[in-house]
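Read the structure below first, then the notes.
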Amino acid sequence: MFEKITRFELHYQSDGKMKKSIAIAGNSGLKVRSDCEIMLELKSGEGIIIDLTSKVKALYGESIKRLIAEILDFFSVKDAFIRINDSGALPFVIAARMESAIKQLINTDLEFLPEFLNENLYTTTKERFRFSRLYLPGNTPGLMINAGLHSADGIILDLEDSVAPEKKDEARILVRNALRQIDFHGAERMVRINQGDRGLEDLHFLIPHNVNLVLIPKCEGADYIKKAEEVINSINKKFNLKNQVFLMPIIESALGIENSWEIAHASESVVALAIGLEDYTADLGVTRTIEGNESFYARTRLIVAAKAAGIQPIDSVFSDVADMDALLQNVLISKSLGFEGMGCIHPRQIAVIKKGFTPDQAEIEKSKKIVQAFESAKIQGLGVVALGSKMIDPPVVARAQKIIDLAVRLNLISGDWINEITSVEK
Amino acid sequence: MPIKTVINAAGRSVPLEINGQPAIPFKGVGKHKPGGRKYSPPIPACSDYPDDGNKVVGSLEEALRKCGLSDGMTISTHHHLRDGDLISNKVFEIASSLGVKDLIWFPSASFPCNDPVIKYLDDGTINRIEGSMNGPLGRYVSEGKMKGTAVLRSHGGRVQAIQDGEVRIDIAVLAAPTADCFGNAKGTGGHSACGVIGYAKADYLYATRVIVVTDNLVDFPCFPMEIEGNYVDYVVVVDRIGIPEKIISGTTQVTKSPDRLLIAELTASFLVKSGILKDGATIQAGAGGTSLAIAVFVHQILKEKGWKSKFGFGGSTKYMVKMLEEGQMGFILDAQVFDLDSVKSIENNPNHVPYPVFNAYNYHSKGNLTSMMDIMILGATEVDLNFNGNVVTHSDGYLLHGIGGWQNCLHARNVILPIPLFRDRIPVIVDEVTTLCGPGELIDVIITERGIAINPLRKDLIESVKGSGLPLKTIKELKDEAEKICGVPQKPKFEEDIVAAVKWVDGTVIDVVRKLKTM
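In order, the protein sequence lines correspond to chains B and R. First residue of the first sequence: 1, per the working numbering; consecutive thereafter. First residue of the second sequence: 1001, per the working numbering; consecutive thereafter.
Pasting the structure below:
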């Protein structure tokens, strides 16, 4: 049972003359897991006193205290009282909470960085699949720890809407540590930054830690993309980093939709355009419906802009996490419009979304026949391609080829399928 | 003088004497055969009982007095009323008010609602508990506050201890949702229905005195009788034997945790790919959220493949009932039911059959139901590198769970433990279990969200899933992975004092729990 720490800090802050000497970071409470709340009070001449309440005290009490002492020493804090309510936080979480508390009281550019896992040292490509991207609130460590196990194409640590305004600063530090310490198991490492200047500041906590892709919320024009790119380039230069950081603007307003082409080709780094329908429908002053007639234009407009720029159009999240059948229907509509991926807000949605965007067996077989007919017509020098009694136009072949390419990339069929079929027939 | 200890066949240091009685160290699985004849209660004479069959007395206190309640007696109760039990505590409240001392409480399990008995442990009414201990009671015992030494037995081990005379019940106080004046009783009907009361069978057959307590007295005969009135001394009628919503969870729910669902999905996938799940396979899974999810996945697979499980063994839930009703399971044999759908099913479906642990789990029975099961899904608080399992203590050393049927179920053909690799930073796989409850030779597969470890002894299973694409790892690899994430935990420190003995299914001592060193 945790005793909630009283928030003295407000009292201190309201008194203009008094220098703030108490800070609180993190979360505690009955429903909180894998997190901790740390209260730090700077003292003078009393040394370090740590008061630890933890459900794992018998197993990790000593190591938690050692970690806290190490961090305080790192930031040259010699005299302080620290009270910790711990619900089984992993070391990188404890470190983030401690650093956040310290930085509320002390002005410093130092960063206490946990070890960077070698497993996370990978890059991604512009063309990779982005069928499913799992959103995780950026200040809730319990949801992050096993996120990589659910086989999403991407994992988004979110600093924007899922983080309360007063928790924005500590979330940055937590997300930074998570990028270093959580094994993403090959998922594309994504972060959604905040809007405006705060979003640009966020980048300093992300770019040096091998983030693969940054999502830019409420994007309304190419300007912000260019600004973000400048900041990223300057950070890369400062740290001598070579990794490419991709951008995925999220369009969530009427103005954004109007400017979607401009946004789509604002930079080489932009690899996808996502649509955010909750905010978009709010901007239009209409209700978001399951049928989605109110956003049909926006969705198709965004798809056309993305396809014209050669990047991926990505659909909005589906918010009923219990209804997998409705989700699948939604995915199939999405796919039929031309979207190439969708956001997830629960790991159970990942498999359904992936299934929906993957070509099914019938589609693949039909495409094989069309491509095969085209190839053999070519060999025979025929100008017209026919499948049975049906004539096949070039665009039909092109579409079939796209499905085949997708199936090959998904390992559903061999890259050499056409020769394999012929050799069997021989 | 300290009690002499020896190293048993599992390598654990155990005492040769517990609570002043000689104790036999664990000899190995299936090795101990006590011989002799079963214990039997005193011979009664029907002429001592009322001719009209009416054994109802005015109060529980009167019944206890008439049974000769006195110092040092062993009092048994069953746990079918679960956390809604209003009778067990009452027995000791009466005993305490009568100034009776040093009783031994022999419940089939205890629940948080039984925490008030701590008062009667403190005032000397109760010397010790021989049965499962959870929450505050476990804490109390771990801190060395109980006068006697606790004895932890499996559900089957409890029947074994009664039958071979290791435990002699003086008075069995058996709460019954429905009973008649003669003492016939059942688990259904009334407002405290719990479905079945099969755990009370050994108690009423072997106790010297038997009291049935009911809040739903019906005309003779109460039928079908799970407790037979011919073994009953007195019947007591009270307002309430239990709190209905705490007896049966209205509905049991599949886990919503994505990680647990992942474990369940991996388990189902393992069952299919290894060939363990096949047409006719017999299945037992518990009522935890992960087990229920596994049941749902298994049901889907049976349906898709057109297979049918010959029978399933309960505690049943609505998910198992659904398999029965939709034709993917032939029978449900049941020692306890967990939700309202199951209560309804056992009342109405002739293929949903009460099957007491007396038969299913008992070492002194001529054959064992659990060894006939193909698929056994169990949990554990800890598993070690040798696949040994712990279910009674946490890694911090505190006694927090009963054994339940866990040890008995280890005899199934394929014992599978779907467990998270760590819980709130606490790794589940350890070098050596804090308390040994089940030998590793009986535990076949550990399934975690980060990989599956198969016991090297099961070469057949390892062979069966070769090239299956399942994330197979060694148990050492799983342990290292957890410690890389969580850090290496420090070990709890214990004193020499033994606070509880853990019995194996045959009555031998497999391990002990020692008093926790508190700072």
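The C-beta atom is built at its ideal place from N, Cα and C for all residues, glycine as well.
Less than 9 Å separates the beta-carbon of R:Trp1105 from that of R:Ile1129. By alpha-carbon distance to R:Val1343, the top candidate from R:His1191, R:Leu1064, R:Val1237, R:Val1173 is R:His1191. A distance of 9 Å or more separates the beta carbons of R:Ser1309 and R:Gly1286. With respect to chain B, the C-beta atom of R:Cys1486 has a partner C-beta closer than 9 Å. Per DSSP, B:Met144 is not a residue of any beta strand (DSSP E); the alpha helix (DSSP H) it occupies stretches across 141-144. In terms of Cα proximity to R:Cys1046, the closest of R:Ser1013, R:Thr1267, R:Lys1055 is R:Lys1055.
Against chain B, the beta carbon of R:Gly1397 has neighbours under 8 Å at Ala58, listed in chain order.
Of all alpha-carbon atoms in B:Met144, B:Arg176, B:Asn139, B:Gln181, the one lying nearest the alpha-carbon of B:Ser162 is that of B:Asn139.
Collapsing the DSSP output to three states places B:Glu365 in a helix. When rounded, the separation of the alpha-carbon atoms in B:Val191 and B:Leu206 is 8 Å. Against R:Asp1424, the close residues of chain B are Arg33, Ser34, Lys55, Val56, Ser87, Gly88, in the order they occur along the chain (beta-carbon pairs closer than 8 Å).
Here B:Gly29 is exposed. Its C-beta has fewer than 16 other C-beta atoms within 10 Å. Against chain B, a Cβ distance below 9 Å from R:Gln1300 picks out nothing, because the smallest value is about 13 Å. Within the stretch 1470-1496 of chain R, Ile1485, Cys1486, Gly1487, Pro1489, Gln1490, Pro1492 place their CB atoms closer than 7 Å to a CB of chain B, listed in sequence order.
Under the 9 Å criterion on CB atoms, B:Gly154 is classed as non-interfacial with respect to chain R. Taking a cut-off of 8 Å on C-beta distances, the stretch 1285-1303 of chain R does not touch the stretch 1498-1513 of chain R, as fewer than three cross pairs fall below it.
Against chain B, the beta carbon of R:Glu1449 has neighbours under 8 Å at Asn146, Leu149, listed in chain order. Apart from the 5 residues on each side of it in sequence, B:Glu115 sits with its Cβ closer than 8 Å to the Cβ of Arg180, Gln181 in its chain, given in chain order. Residues of the same chain with a CB within less than 7 Å of the CB of B:His265, apart from the 5 flanking positions on each side, are Ala309 in chain order. Contact residues of the stretch 1105-1130 of chain R toward chain B are absent (C-beta to C-beta distance below 8 Å). DSSP, reduced to helix, strand and coil, places B:Glu294 within a helical segment of the structure shown. Flagged as an interface residue toward chain B: R:Leu1261, by a C-beta distance shorter than 9 Å. Under the 9 Å criterion on CB atoms, R:Pro1258 is classed as interfacial with respect to chain B.
Among the residues facing chain R, B:Gly61 is included, as its CB has a counterpart in that chain under 9 Å away. Counting every other CB atom within 10 Å of its CB across the protein chains shown gives R:Phe1338 a total of 16 or more, marking it as buried.
Annotated three-state conformation of B:Thr53 is strand, per DSSP. Among the residues of the stretch 332-354 of chain B, those with a Cβ less than 8 Å away from any Cβ of chain R are His346, Pro347, Arg348, in the order of the chain. In this structure, R:Gly1314 lies near R:Met1320, with their beta-carbon atoms less than 9 Å apart. An exposed status is given to B:Asn118, since fewer than 16 other beta-carbon atoms sit within 10 Å of its beta-carbon. Taking all protein chains shown into account, B:Tyr224 has 16 or more neighbouring C-beta atoms within 10 Å of its C-beta and is therefore buried. Using beta-carbon distances, B:Pro217 does not count as an interface residue toward chain R, since no partner is under 9 Å.
Along the stretch 1230-1283 of chain R, the alpha helix (DSSP H) occurs as fully enclosed runs of 4 or more residues at 1244-1247, 1258-1273, listed in sequence order.
The Cβ-Cβ distance between R:Arg1209 and R:Asp1170 falls below 9 Å. Annotation: the stretch 302-335 of chain B contains the following complete segments of the beta strand (DSSP E) (minimum length 3 residues), in chain order: 312-314.
Under the three-state reduction of DSSP output, B:Leu30 falls in the coil class, being neither helix nor strand. Setting aside the 5 residues that flank it on each side, B:Glu252 is surrounded in the same chain by Lys218, Gly276, Asp279, Tyr280, each with a C-beta closer than 6 Å to its C-beta; the list follows chain order.
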